[in-house]
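Engineer: 23 is the number of the first residue of the sequence shown in our numbering; add one for each residue after it.
Just dropping this structure here.
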Amino acid sequence: MNIRASDENMVCVTHLECANCGLEHAAGRLWNLCHECAKPLLVRYDLSAAGNRLDRGSLASREPSLWRYREVLPLADLANPK
Ligand SMILES: [Zn+2]
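Below is the structure:
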């Protein structure tokens, strides 16, 4: 599942993946740990989609803050970060 808000607020999170057993968990909801083995989850991204939007020029022109990397932040909706 690829969660996308508007193009301006596009995020590239595809799912969460257990670091231990590899089980995929849906993005867009709260998971504390893997529901099978209780190990930490990793955020997985559609890096091809992020790469299509990001280049050195676009990064250099953005505000010098964490939000510069918004396409690869683990948020479902950049307009309403929770
Ligand atoms: Zn697991």
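Don't be surprised by glycine CBs; every beta carbon is placed ideally from N, CA and C.
As the structure is a computational prediction, the values presented were derived from the model and not from experiment.
(1) Have a look at the DSSP bridge pairing and note the partners of residue 40.
(2) Would the beta-carbon of residue 37 fall within 7 Å of that of residue 49?
(3) Figure out for me which residue from 52, 33 and 61 has the closest Cα to the Cα of residue 43.
(4) Quick test of your reading: residue 41 and residue 63, contact by CB under 8 Å. State the CB separation rounded to the nearest angstrom.
(5) Grab me the residues of residue 53's own chain with a C-beta within less than 8 Å of its C-beta, minus the 5 sequence neighbours each way, in chain order.
(6) Alpha helix (DSSP H) containing residue 49: first to last residue?
(7) Return the CA-CA distance between residue 94 and residue 59, expressed in angstroms with no decimal places.
Structural biologist: A quick look at the data gives this:
(1) 63
(2) yes
(3) 61
(4) 7 Å
(5) 38, 47 and 63
(6) Here residue 49 belongs to no alpha helix (DSSP H), and DSSP marks it neither H nor E.
(7) 26 Å
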